[in-house]
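Residue numbers (this note's numbering): -4 to 160.
The structure appears below as structure tokens.
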């Protein structure tokens, strides 16, 4: 995957732009008590992959299971994409932990931005929060990227926040 995307020539459908898009998790750790330790590590960023626009707005959705779908006039190249993944652990005694993800978020290439929303955690219909009472949670994260028309080409990055309280 290249760090810089090159614009494509004009076609009958409009100007084609290619953007490489990744969204990483910014993690926050909130401790309810100093005697109860928990941690959050996010080894896999939410990566929407390479996108080529063809003259109209659209969306790209990454599911919690790692699938990808598009709407509108967008093409996704063969570059890698992935759902996000965070690992949340806690020490004994185990207690209920409320896990939430921020929504909406934004991605930028320095001059242009795109909104990221419709976050889901754990399952495709998981929404933006869940409560768990386990020592270890492998938390898959999915979301929807809203690509504008026109959307500037380039490498887009952003962050979202995971809280575990």
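Note that beta-carbon positions come from the ideal geometry of N, C-alpha and C, so glycine has one too.
Treat the numbers as computed from the prediction; the structure is a model and nothing was measured.
Looking at the structure shown, is residue i part of a helix, part of a strand, or coil, going by DSSP?
| i | result |
| --- | --- |
| residue 75 | coil |
| residue 34 | strand |
| residue 64 | strand |
| residue 160 | coil |
| residue 43 | strand |
| residue 90 | coil |
| residue 140 | strand |
| residue 133 | strand |
| residue 58 | coil |
| residue 147 | coil |
| residue 25 | A caution first: residue 25 carries a pLDDT of 40, below 50, which makes its placement in the model unreliable, though a value can still be read off. Looking at residue 25 - three-state DSSP - the assignment turns out to be coil, as it is neither helix nor strand. |
Taking 7 Å as the threshold (C-beta atoms), are residue j and residue i in contact?
| i | j | result |
| --- | --- | --- |
| residue 126 | residue 93 | yes |
| residue 66 | residue 137 | no |
| residue 110 | residue 33 | no |
| residue 132 | residue 83 | yes |
| residue 76 | residue 53 | no |
| residue 157 | residue 57 | no |
| residue 128 | residue 91 | yes |
| residue 155 | residue 97 | yes |
| residue 153 | residue 74 | no |
| residue 151 | residue 113 | no |
| residue 85 | residue 38 | no |
Alpha carbon to alpha carbon, how far is residue j from residue i? Give it in angstroms, no decimals.
| i | j | result |
| --- | --- | --- |
| residue 147 | residue 50 | 12 Å |
| residue 40 | residue 87 | 28 Å |
| residue 143 | residue 68 | 10 Å |
| residue 115 | residue 134 | 10 Å |
| residue 81 | residue 46 | 24 Å |
| residue 139 | residue 149 | 19 Å |
| residue 95 | residue 121 | 11 Å |
| residue 42 | residue 63 | 10 Å |
| residue 106 | residue 145 | 13 Å |
Find the nearest neighbour of residue i within the set the options, judged by alpha-carbon distance.
| i | options | result |
| --- | --- | --- |
| residue 119 | 104, 61, 36, 156 | 61 |
| residue 79 | 117, 141, 130, 64 | 117 |
| residue 141 | 95, 99, 72 | 99 |
- [ ] Please go through the segment 94 to 131 and give each complete alpha helix (DSSP H) segment of 4 or more residues, from N-terminal end onward.
- [x] Listed in chain order, there is nothing to give.
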